[in-house]
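Notes for the one structure printed next.
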Ligand SMILES: [Zn+2]
Ligand SMILES: [Zn+2]
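In my numbering, the protein residues as written are 8 to 286.
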């Protein structure tokens, strides 16, 4: 199994230092995309994947840094020649969102079907809403399992585990420290976990209430001081830090990993865009 990090920054603000969340999991003949921030289509191409060849999209939750390119991945795969089916999975209201993608692009789809004789993308997408933890899907020998993680105010935010031919990879999505993530990641070969360090972020300013933003960061995400303990409790072999905040390029990799290694003696990898790891 192989995992490729398409983007490793946290949050919806776009920058050039890092791209937003997206991971590709390749297992046997199956290629799955987990989350798709703005820019994911071109990151797929840069990593050597065609959006037309993605078998499934799994969304962890509906913050836009995780689903912003959902429609774009569907539409660009169609533009690039998709003829096979695309399965999509994620919390409600994924079905409504999928219909909205097709409504937004109705004129283009109708025109190309009629004018170019192109296959109708609306007939190729199978949307599955996930409301609870457990088995999500199997693709050949690849099994996908979800855990309900702790990312308030969302009722539904999921982490996903991928098991294939004796190897296992877990993607945390966004979560505060929680037991369900530790259980999902139990004994995994590799855990991609979100993290932040409030001490390095400084004052946040923007079109939001700074105090409410600070409360969200502290209550809905995992500080770097705790992520090593999570990996140790789960007994994973390799911990990959991603969804990094801050993500502006001012923090050295060693600053992240030195903190994590206080609690975790497995392999620690600080994620970078387009990093590929074989498991
Ligand atoms: Zn996020
Ligand atoms: Zn989030």
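From the three backbone atoms N, C-alpha and C, an ideal C-beta is built for every residue, glycine too. Keep in mind the model is a prediction, meaning the values are calculated, not measured.
### Message
To the nearest angstrom, how far is the alpha carbon of residue 75 from that of residue 99?
### Response
In the chain shown, counting from the first residue as 1, residue 75 sits at position 68. In the chain shown, counting from the first residue as 1, residue 99 sits at position 92. Their Cα atoms are separated by approximately 15 Å.
### Short Cβ contact (8 Å threshold) for residue 28 with residue 44
Position 21 of the chain shown, counted from the first residue, corresponds to residue 28. Position 37 of the chain shown, counted from the first residue, corresponds to residue 44. A distance below 8 Å separates the beta carbons of residue 28 and residue 44.
#### Entry: Residue environment, residue 22, which counts as buried when at least 16 other CB atoms sit within 10 Å
Locating residue 22 in the chain shown gives position 15, counting from the first residue. Residue 22 should be labelled exposed.
### Task
Assuming residue 203 contacts residue 230 (C-beta within less than 8 Å), just tell me the rounded distance between them.
For the purposes of this step, residue 203 is identified with residue 196 of the chain shown, where counting begins at 1. For the purposes of this step, residue 230 is identified with residue 223 of the chain shown, where counting begins at 1. Going by Cβ atoms, the distance from residue 203 to residue 230 rounds to 6 Å, so yes, they are a contact pair.
### Message
Helix, strand or coil for residue 38? Go by DSSP, reduced to three states.
### Response
If you number the chain shown from 1, residue 38 lands on position 31. In the structure shown, the three-state DSSP call for residue 38 is strand.
### Query
Candidates 257, 14, 275, 83: which alpha carbon is nearest residue 304's?
Since the first and last residues shown for the chain are 8 and 286, residue 304 lies out of range.
#### Entry: Start-to-end residues for the alpha helix (DSSP H) that takes in residue 105
Indexing the chain shown from 1 puts residue 105 at position 98. Taken as a continuous stretch (DSSP letters only), the alpha helix (DSSP H) holding residue 105 covers 101 to 111.
### Query
So residue 141 packs on residue 150, CB below 8 Å; how close in whole Å?
Sequence index remark: in the chain shown, residue 141 carries index 134 (1-based). Sequence index remark: in the chain shown, residue 150 carries index 143 (1-based). Going by Cβ atoms, the distance from residue 141 to residue 150 rounds to 11 Å, so no, they are not a contact pair.
### Task
Measure the C-alpha to C-alpha separation of residue 234 and residue 125 and round it to an integer number of angstroms.
For this step, residue 234 is matched to residue 227 along the chain shown. For this step, residue 125 is matched to residue 118 along the chain shown. Taking the straight line joining both Cα atoms gives about 48 Å.
### Query
Relative to the C-alpha of residue 34, which residue among 8, 77, 129 is closest?
Reading the chain shown from its first residue, position 27 is the one you call residue 34. Of 8, 77, 129, the residue nearest in Cα terms is 8.
### Query
What residue from 111, 286, 146 has the CA that sits closest to residue 65's CA?
The residue you call residue 65 lines up with position 58 of the chain shown. Nearest to residue 65 by alpha-carbon distance, out of 111, 286, 146, is 146.
### With 16 other Cβ atoms within 10 Å as the buried cut-off, status of residue 111
Translated into positions along the chain shown, residue 111 becomes position 104. Answer is exposed; the Cβ neighbour count stays below 16.
### Task
Compute the distance between the beta-carbons of residue 90 and residue 134, then report whether it is under 8 Å.
The residue given as residue 90 occupies position 83 in the chain shown. The residue given as residue 134 occupies position 127 in the chain shown. No; because the gap between Cβ atoms is not below 8 Å, this pair is not in contact.
### Message
Taking only three categories from DSSP, how would you classify residue 186?
### Response
Indexing the chain shown from 1 puts residue 186 at position 179. Correct three-state label for residue 186: helix.
### Message
Extract the residue ranges of the alpha helix (DSSP H) inside the region 169 to 252, only unbroken runs of 4 or more that lie entirely within it.
### Response
186 to 191, 205 to 208, 217 to 227, 231 to 241
### Query
When you compare only the Cα positions, how much space is there between residue 67 and residue 123?
Here residue 67 refers to the residue found at position 60 of the chain shown. Here residue 123 refers to the residue found at position 116 of the chain shown. If you take the alpha carbons of residue 67 and residue 123, they lie about 35 Å apart.
### Query
What are the start and end residues of the beta strand (DSSP E) that includes residue 64?
Your numbering for residue 64 matches position 57 in the chain shown. Segment 63 to 65, the beta strand (DSSP E) holding residue 64.
### Query
Under the DSSP definition of a beta bridge, which residues are partnered with residue 134?
Along the chain shown, one-based indexing puts residue 134 at 127. In DSSP, residue 134 forms a bridge with 95.
#### Entry: residue 285 beta carbon less than 8 Å from that of residue 244
Within the chain shown, numbered from 1, the residue matching residue 244 stands at position 237. Within the chain shown, numbered from 1, the residue matching residue 285 stands at position 278. Contact: no.
### Task
May I ask whether a heavy atom of ligand 1 can be found less than 7 Å away from the beta carbon of residue 164?
Looking up residue 164 in the chain shown gives position 157. Result no, Cβ not under 7 Å from ligand 1.
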